[in-house]
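Report on the following structure.
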Amino acid sequence: MSVEQPTTPLRVRSVGSSLERVDAVAKVTGRARYAVEHGEPAGVRDPLHLWLVQSTVARGAVTAVDAAAALAHPGVVAVIDHTNAPRLADTDNAELAILQDPTVHFRGQIVALVLAETPESAREGAALVELSYDVEDHEAELREDTATHRPDAVNPNQETDTDEGDVDAALAAAPVVVAHTYRTAMEHNNPLEPHATLAWWEETDGRVLLSMFDSTQGVHGVAQTLAPMLGLETDQVRVQAPYVGGGFGSKGEAHAHVMAAALAARTTEGRPVKLAVTRQQMFALTGYRTETISHFRLGAAEDGRLSAIEHRVQEQTSAVREFAEQTASPTRMMYAADNRRTSHRLAVLDVAVPSWMRAPGEMPGMFAHEVAMDELAQACGLDPIELRLRNEPDVDPETGRPFDNRRLAECLRRGADRFGWSSRPAEAGARTDGDWWVGTGVAASTYPAAKIPGNAARVRSLGDGRYAVAIGSVDIGTGARTVLTQIAADALEVGAEDIDLAIADTRLPPASVAGGSSGTSSWGSAIVAAAQRFRADHGDHPDPGVETTASAAQDPAAEQFAFHSFGAVFAETRVHRWTGEIRVPRLYGCYSVGRVINPTTGLSQFRGGLVMGLSAALFEESWRDPRFGHVVTQDLATYHIASHADVLDVDAEWLEESDEIFTPMGSRGIGEIGIVGTAAAVANAAFHATGVRVRSTPITADRFLGAG
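Counting from 1, position 468 in the sequence shown corresponds to residue 468 in this note's numbering; the numbering is continuous, with no gaps.
Quick look at the structure:
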């Protein structure tokens with residue numbers, strides 16, 4: 001039975017040290033098994049292979065399925081479509097309610113499944129399935145004139161619109177006004193391990209059970225989503241994810257392929273079903289970052305002090321299920337201004353469902369805001385850092401609460417010193433190196449500090465000063481196994497080598513999703529609570545086998561402060577005067593994030609975020625052909641992400657601090673803040689190099705042709 005336990009700050013020993021990843025050897029030797037790699041040792045025998053058949057129209061209905069040729073192909077066992085698929089008990093989640101009717105909501109939707117003895121047979125069989133459609137007109141393009149509506153809320157559950165003061169009057173009276181539109185491209189997450197699921201059904205003691213290995217960021221979330229749809233209790237679905245090859249948010253919730261595996265396995269009389277989604281299929285089925293259009297207006301005095309901020313957002317969602325990215329959310333709390341207005345409007349399109357991608361909302365929203373701030377600095381004749389310092393708020397503009405710890409000014413000043421900002425020419429286009437224009441830019445970064453309730457951990461004595469610690473959290477490659485081991489070791493006052501950590505199984509105590517930069521804060525607090533309750537109940541020398549399960553009690557300080565992390569990103573951008581080629585030889589971030597649990601894995605997270613932000617700034621753009629409704633950039637050749645040749649000097653550091661008001665470890669989340677503001681810093685540096693202002697991503701060479 002789990003109890004709530006107030007926590008006290010840790011006596012730090014392992015936390016803050018660069019413990020080597022505890023799973024490093026398993027990964028580099030190939031012993032770490034990912035979703036579809038599990039075999040007989042895990043009870044997986046004689047699996048069938050599943051291939052997805054996707055719609056080739058963007059809207060309409062399937063009128064006929066001819067599976068004869070597919071079923072005649074050697075190795076093909078079955079073809080499942082809307083006429084013979086198992087029925088779901090609940091279809092409220094329309095994205096996952098596949099094969100329940102003939103309706104087609106978007107191109108690439110799952111319309112049939114092929115099961116075969118080998119993946120090759122399954123793939124060939126899928127190509128042989130013939131479908132006929134009743135095709136309807138569709139809309140698959142986000143434009144400024146596309147019809148939109150106001151959603152009830154934006155992710156995760158925030159207000160759609162905010163309005164403080166009289167924005168229009170303040171803008172009319174402002175001596176300096178910046179008013180422009182900024183756009184960010186549609187992006188796809190593309191983790192190294194494609195989405196994959198292994199599923200099988202069995203009956204034990206009269207109870208039907210579904211077991212899955214899934215490449216997911218949250219095993220409990222998958223079980224909680226699938227169970228009611230399948231007519232099961234949550235404890236009838238077991239999901240494990242011992243190793244996951246990245247996610248960037250796309251594996252934060254179950255997508256249709258997971259249901260496809262569950263439904264297919266329901267028809268196989270107990271034989272497991274393996275499904276590995278291809279890279280091409282991921283561009284239609286596993287989430288993406290919506291394209292955004294941000295209409296920004298800033299009003300300021302001649303000294304740069306803001307009097308009005310307006311941020312109006314247009315973005316897209318899917319007709320099959322709504323998702324509203326919180327693009328204007330950071331605008332509500334970033335800078336001081338008496339008059340502020342934000343809004344979100346959604347275009348409902350016949351496209352796949354958008355979803356989480358690293359720093360949803362904050363990444364595109366802060367691109368718009370920080371480029372607009374750079375334009376305001378130019379209009380006021382101010383250094384961009386000085387402009388930001390003059391607009392530092394005394395309290396959180398959104399809630400009116402004091403910030404628990406806002407050290408953005410220190411990040412800006414320290415970063416400027418480290419980056420050599422003082423030697424920066426004031427005028428754009430003033431510095432050249434041969435045929436290259438050279439410029440530097442800055443942007444602020446922020447991300448909310450979050451802890452998700454409902455997490456619990458179990459501590460059991462193994463004797464001889466060793467402990468088994470269990471929590472159902474998932475390590476998606478960020479190093480969660482390692483930092484949770486360190487947290488448990490300090491909470492139990494033993495060495496990290498004395499902790500046997502179990503994670504990523506729904507049979508373990510509940511844990512929230514690895515997302516929203518909330519994982520370590522949420523899970524670590526639960527582990528500390530369980531360890532401190534265990535020691536209170538059993539002392540320092542417990543008998544082997546005794547155990548305690550506990551969750552962290554709600555901290556009264558949660559309602560007293562505004563909890564956010566901050567940072568400053570600096571970029572040097574070089575633009576070739578004849579070709580427009582863009583290079584970023586230096587990229588640096590300085591952050592205030594509380595105590596960093598493990599400097600080695602932490603630095604990896606910051607650098608990874610910076611590289612991903614660089615990739616968004618210069619390369620990443622998914623193209624959907626509006627005539628046919630599909631994404632045409634369906635591979636890593638046409639959808640370019642930053643590679644080794646694109647990434648030069650990338651570095652990050654953080655301020656020494658400990659935020660024990662927020663967590664007993666003194667930490668806040670670090671997984672996403674690195675990407676926030678990075679694209680804006682690159683864009684601002686490109687302007688400083690050339691005098692050409694680019695207000696959309698990606699920033700491509702053609703924007704600068706003719707600039708000189």
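Note that CB positions come from ideal geometry on N, CA and C, so glycine has one too. Fair warning: this is a prediction, and the values are worked out from it, not measured in the lab.
Under the rule that a run must span 3 or more residues, the beta strand (DSSP E) segments found entirely inside the stretch 186–213 read 196–204.
In this structure, residue 328 lies away from residue 348, with their beta-carbon atoms at least 8 Å apart. Around the beta-carbon of residue 145, fewer than 16 other beta-carbon atoms lie within 10 Å, marking it exposed. Residue 325 and residue 357 have their C-alpha atoms some 10 Å from each other.
If you ignore the 5 residues before and after residue 425, its C-beta comes within less than 6 Å of the C-beta of 431, all in its own chain and listed in chain order. Setting aside the 5 residues that flank it on each side, residue 608 is surrounded in the same chain by 674, each with a C-beta closer than 7 Å to its C-beta; the list follows chain order. Per the C-alpha coordinates, the member of 43, 435 and 61 positioned closest to residue 213 is 43.
Per DSSP, the continuous beta strand (DSSP E) segment holding residue 576 begins and ends at 564–576.
For the pair residue 588 and residue 367, the CB atoms are not nearer than the 8 Å cut-off. Between the stretch 503–511 and the stretch 226–241, the count of C-beta pairs closer than 8 Å reaches three or more; the two stretches touch. Residue ranges of uninterrupted alpha helix (DSSP H) with 4 or more members, entirely inside the stretch 468–534 and ordered along the chain, are 480–492.
In terms of Cα proximity to residue 152, the closest of 434, 404 and 322 is 322. For residue 274, the enclosing beta strand (DSSP E) stretches over residues 273–276. Rounded to whole angstroms, the gap between the alpha carbons of residue 645 and residue 611 is 12 Å. Excluding five sequence positions before and after residue 310, the CB atoms of its chain that fall closer than 6 Å to its own CB belong to 167, 297 and 341, given in chain order. Shown here, residue 630 sits in a strand according to DSSP, grouped into three states.
Taking the C-beta atoms as reference points, residue 695 is found nearer than 8 Å to residue 180. Non-local C-beta neighbours of residue 74 in its own chain, meaning closer than 7 Å and more than five positions away in sequence, comprise 121, ordered along the chain.
Under the three-state reduction of DSSP, residue 619 is assigned to coil, being neither helix nor strand. In the DSSP assignment, residue 78 is bridged to 115. Going by DSSP, residue 549 is part of no alpha helix (DSSP H) but of the beta strand (DSSP E) stretching over 547–552. The C-alpha of residue 559 lies about 26 Å from the C-alpha of residue 12. Rounded to the nearest whole angstrom, the CA to CA distance from residue 472 to residue 279 is 28 Å. Nearest Cα to residue 229 within the set 210, 287 and 245: 210. If you look at residue 365, you'll find it isn't in any beta strand (DSSP E); it sits in the alpha helix (DSSP H) that goes 362–380. At least 8 Å separates the beta-carbon of residue 133 from that of residue 67. Here residue 554 is exposed. Its C-beta has fewer than 16 other C-beta atoms within 10 Å. Excluding five sequence positions before and after residue 89, the CB atoms of its chain that fall closer than 6 Å to its own CB belong to 231, given in chain order.
Boundaries for residue 403: no alpha helix (DSSP H) harbours it, and the DSSP string shows neither H nor E there.
In the three-state DSSP reduction, residue 156 falls in the coil class, being neither helix nor strand. Between residue 245 and residue 217, the C-beta gap is not smaller than 8 Å, which leaves the two residues out of contact. For residue 657 against residue 604, the beta-carbon gap comes to about 20 Å, at or over 8 Å, which does not count as contact. DSSP places residue 99 in no alpha helix (DSSP H); its state is neither H nor E. With contact defined as three or more Cβ pairs closer than 8 Å, the stretch 92–111 and the stretch 35–49 are not in contact. Residue 106 carries a coil assignment under DSSP once its states are collapsed to helix, strand and coil. DSSP places residue 463 within a strand segment (E or B) once states are collapsed to three.
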